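Engineer:
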Amino acid sequence: MHPPRPGAAALKRRTALQALGSVVLSLGTAELAFGASLVAVRVWPADEYTRVTLESDTVLSVKHFMADNPRRLVIDIDGLELSPKLRELVGKVHADDPYIAGVRVGQNQPRVVRLVLDLKQATAPQLFTLEPAAAYQHRLVFDLHPVHEADPLLALINEKQSAEQKAAEAVQDALGEFIGRVGKTPTPPATPPGPVAPPVPAPPVIAQKPSPMTQEKIDRLIIVALDPGHGGEDPGAIGPSGLREKDVVLSVAMKLRDKLNAEPGMRAMLTRDADFFVPLHERVRKARRVQADLFVSIHADAFLNPQARGASVFALSQGGATSAAARWMASKENASDIVGGVNFKAKDSTVMRAMLDMSTSAQIKDSMKLGGEVLGQIGKVGRLHKAKVEQAGFAVLKAPDIPSILVETAFISNPEEESKLRDAGYQQELVEALATGIKRYFAKNPPLARTRQL
Numbered sequence: 001m002h003p004p005r006p007g008a009a010a011l012k013r014r015t016a017l018q019a020l021g022s023v024v025l026s027l028g029t030a031e032l033a034f035g036a037s038l039v040a041v042r043v044w045p046a047d048e049y050t051r052v053t054l055e056s057d058t059v060l061s062v063k064h065f066m067a068d069n070p071r072r073l074v075i076d077i078d079g080l081e082l083s084p085k086l087r088e089l090v091g092k093v094h095a096d097d098p099y100i101a102g103v104r105v106g107q108n109q110p111r112v113v114r115l116v117l118d119l120k121q122a123t124a125p126q127l128f129t130l131e132p133a134a135a136y137q138h139r140l141v142f143d144l145h146p147v148h149e150a151d152p153l154l155a156l157i158n159e160k161q162s163a164e165q166k167a168a169e170a171v172q173d174a175l176g177e178f179i180g181r182v183g184k185t186p187t188p189p190a191t192p193p194g195p196v197a198p199p200v201p202a203p204p205v206i207a208q209k210p211s212p213m214t215q216e217k218i219d220r221l222i223i224v225a226l227d228p229g230h231g232g233e234d235p236g237a238i239g240p241s242g243l244r245e246k247d248v249v250l251s252v253a254m255k256l257r258d259k260l261n262a263e264p265g266m267r268a269m270l271t272r273d274a275d276f277f278v279p280l281h282e283r284v285r286k287a288r289r290v291q292a293d294l295f296v297s298i299h300a301d302a303f304l305n306p307q308a309r310g311a312s313v314f315a316l317s318q319g320g321a322t323s324a325a326a327r328w329m330a331s332k333e334n335a336s337d338i339v340g341g342v343n344f345k346a347k348d349s350t351v352m353r354a355m356l357d358m359s360t361s362a363q364i365k366d367s368m369k370l371g372g373e374v375l376g377q378i379g380k381v382g383r384l385h386k387a388k389v390e391q392a393g394f395a396v397l398k399a400p401d402i403p404s405i406l407v408e409t410a411f412i413s414n415p416e417e418e419s420k421l422r423d424a425g426y427q428q429e430l431v432e433a434l435a436t437g438i439k440r441y442f443a444k445n446p447p448l449a450r451t452r453q454l
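No gaps in the numbering here: position 183 of the sequence shown is 183 in the UniProt record's numbering, and each next residue is one more.
(1) Around the C-beta of residue 467, are 16 or more other C-beta atoms found within 10 angstroms, so that it is buried, or is it exposed?
(2) Using the three-state DSSP reduction, which class does His385 fall into: helix, strand or coil?
(3) Taking C-alpha atoms, which residue in Ser37, Leu130, Leu38, Leu54 lies nearest to Trp44?
(4) Could you please give the first and the last residue of the uninterrupted beta strand (DSSP E) stretch that includes Ala40?
(5) Applying the 10 Å Cβ sphere with the 16-neighbour rule, what's the burial state of Pro264?
(6) Go through its chain and collect everything with a Cβ distance to Val284's Cβ below 6 Å, but skip five positions before and after it.
(7) So, with DSSP's three-state summary, where would you put Thr436?
(8) Less than 6 Å between C-beta atoms, sequence neighbours within five positions excluded: which residues of the same chain meet that for Ala40?
(9) By DSSP, does Lys63 sit in helix, in strand, or in coil?
(10) Enumerated in chain order, which unbroken segments of the alpha helix (DSSP H) with a length of 4 residues or greater are wholly contained in the stretch 221 to 256?
(11) Classify Asn108 as helix, strand or coil using the three-state DSSP reduction.
(12) Using only the alpha-carbon positions, how far apart do Val389 and Leu140 sit?
(13) Label Pro125 either buried or exposed according to how many other C-beta atoms from any shown protein chain fall within 10 Å of its C-beta, with 16 as the threshold for buried.
(14) For Asp76, which beta-bridge partners are listed by DSSP?
(15) Going by alpha carbons, who is nearest to Val296 out of His138, Thr322, His281, Met269?
(16) Kindly indicate which residue of Val116, Ile238, Thr271, Thr50 has the alpha-carbon position closest to the one of Val62.
(17) Buried or exposed: where does Arg87 fall if 16 or more other Cβ atoms within 10 Å of its Cβ makes it buried?
(18) Keeping to the same chain, check which residues put their C-beta closer than 7 Å to that of Asp337; ignore five residues upstream and five downstream.
(19) For the stretch 326 to 345 against the stretch 218 to 232, are there 3 or more C-beta pairs whose distance is under 8 Å?
(20) Are three or more beta carbon pairs between the stretch 247 to 256 and the stretch 70 to 82 nearer than 8 Å?
(21) Taking just the CA atoms, how far does Thr409 sit from Thr58?
(22) Pro400 by DSSP, collapsed to three states: which one?
(23) Around the C-beta of Ser404, are 16 or more other C-beta atoms found within 10 angstroms, so that it is buried, or is it exposed?
(24) Would you give the residue range spanned by the alpha helix (DSSP H) that Ile364 belongs to?
(25) Skipping 5 residues on each side, what residues in its chain have a beta carbon closer than 6 Å to that of Val112?
(26) Could you tell me how far apart the beta carbons of Phe303 and Phe128 are, in whole angstroms, since I believe they sit closer than 8 Å?
(27) Rounded to whole angstroms, what's the CA-CA distance from Pro98 to Gln291? Just pull it up for me.
(28) Counting only the same chain and skipping the five closest in sequence on each side, list residues whose C-beta sits under 6 Å from that of Val147.
(29) Evaluate contact between the stretch 322 to 330 and the stretch 372 to 392, counting only Cβ atoms and requiring at least three cross-stretch pairs below 8 Å.
(30) How far does the alpha helix (DSSP H) with Ser323 in it extend, from its first residue to its last?
(31) Would DSSP call Val290 helix, strand or coil?
(32) In terms of residues, what are the limits of the alpha helix (DSSP H) holding Pro301?
(33) Based on the DSSP output, what are the partners of Glu55 in its beta bridges?
(34) Cutting at 7 Å between CB atoms, please list the residues of its own chain near Ala36, excluding the five before and the five after it.
(35) Is it the case that the Cβ atoms of Ala315 and Ile238 are separated by a distance below 8 Å?
(36) Would you tell me roughly how many angstroms separate the C-alpha atoms of Glu169 and Leu221, rounded to the nearest one?
What follows is the structure, encoded as structure tokens:
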């Protein structure tokens, strides 16, 4: 017995469904998706700039404009629905954020979400998207930069003068306390009068005026640029137990800054002093803006083999790398911009990248001297991966006029070395070694080349 044949209405519905199926099969992923799904929202506040990142499973399309009274940045995101993940952004902005006063989120139109960032100061926002990289999917990034950039060299000098004034006040307070104690000392009993010996005249004090070269050394402020690698969106290498490279190197760099700042006539500048991302060319630019005498980039990288261990020091190479490992390391570090997220559409990106190709043989020669001094000292703290300074094409070492080295303090991928890097005592040993190497370099190579007197 055959089943009953469908009627005309049923046949019409079946034909319509088949046609719809053909259309659906012809559509791509973008056309099928009703909207993007947010994976994560992140906020990276810092004095230099605040970054907000929206990570999603597909590319987000946005429009934005600035508004006044009150000052705010308005961002409309197409193809996105209001979700609990997006509402998390409101709670991620803290009261001490230098740029964002608050965030408001709403469904402005169907499939269009509006973000409103209430701003604390005039900003020059940059909005851009990033392709999937490392562990990240598609990212929409908006960076809030100040309209007027502060003079870092002036800030460094003011900071030094303030520290010296506080130190002088502390000495005066201690001296006053000592004099007060002396004044309260009981007077000893009087002794019988006797013959008084004539006073012995003190030798005359001859004021000698220092030579111009000596005076220049005295007046000269030595500036060391310290560059803690990675930061913000870029965690760097991650150890077996979860220790992040960006956290370790920031801790070491801040300790080293304090150590160098305690040296007379020396001041250290950090390319980042918190957990935020700094592009490679911007790290170089920061060092040049303060007219740094040295540039030391601090890292704690990982290798494919977890047994790899030991510290290394690298300088720039105008030719090929001195080893396959050095070439691999340079390639990995140079990829930091991709992971951290650089706005390649920014106006100055082409100029800054051209600047990174201005390396000179004189800079490399001085960098090798600096690297040798530092390597000799950190070799006393722990094992060395290589007993000589290696060379490769590290983008962050390409300041044309500043001796620059990159120090791999240890392999964070090695469980034993990761444990050492976590230890504050071991970090302090590294700091002592780095500071000694830097001072030994200056002792043999006095920094007399800067034209601007501080």
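Ideal placement from N, C-alpha and C gives every residue a C-beta, glycine not left out.
Remember, predicted model here, so these are calculated numbers, not experimental data.
Structural biologist: Taking the definition as stated:
(1) Examination of residue 467 is not possible in this model, given that the chain is present from 1 through 454 alone.
(2) His385: coil per DSSP, three-state reduction.
(3) Leu54
(4) Start and end: 38 to 44.
(5) exposed
(6) Ala399
(7) helix
(8) Glu55
(9) strand
(10) If we require 4 residues or more, the stretch 221 to 256 turns out to have no alpha helix (DSSP H) run fully inside it.
(11) strand
(12) 40 Å
(13) buried
(14) Per the DSSP secondary-structure output, Asp76 pairs in a beta bridge with Lys63, Arg114.
(15) Met269
(16) Val116
(17) exposed
(18) Pro279, Leu280
(19) yes
(20) The stretch 247 to 256 makes no contact with the stretch 70 to 82; the number of CB pairs closer than 8 Å stays below 3.
(21) 38 Å
(22) DSSP, reduced to helix, strand and coil, places Pro400 outside both helices and strands of the structure shown, so it counts as coil.
(23) buried
(24) Note, Ile364: alpha helix (DSSP H), 361 to 378.
(25) Within the same chain, Cβ atoms closer than 6 Å to the Cβ of Val112 are found at Asp76, Asp78, the five residues on either side in sequence being excluded.
(26) Between Phe128 and Phe303 the Cβ distance is about 32 Å, and since that is not below 8 Å, they are no contact.
(27) 27 Å
(28) Closer than 6 Å at Cβ, skipping near neighbours: Ala122, Ala124.
(29) yes
(30) Per DSSP, Ser323 belongs to no alpha helix (DSSP H) and is neither H nor E.
(31) coil
(32) Looking at the sequence provided, one finds Asp at residue 301 rather than Pro. Where Asp301 is concerned, there is no enclosing alpha helix (DSSP H), given that its DSSP letter is neither H nor E.
(33) DSSP, once it has assigned bridges, lists Ala40, Arg139 as partnering Glu55.
(34) Ser56, Asp57, Thr58, Leu60, Gly79, Leu80
(35) no
(36) 21 Å
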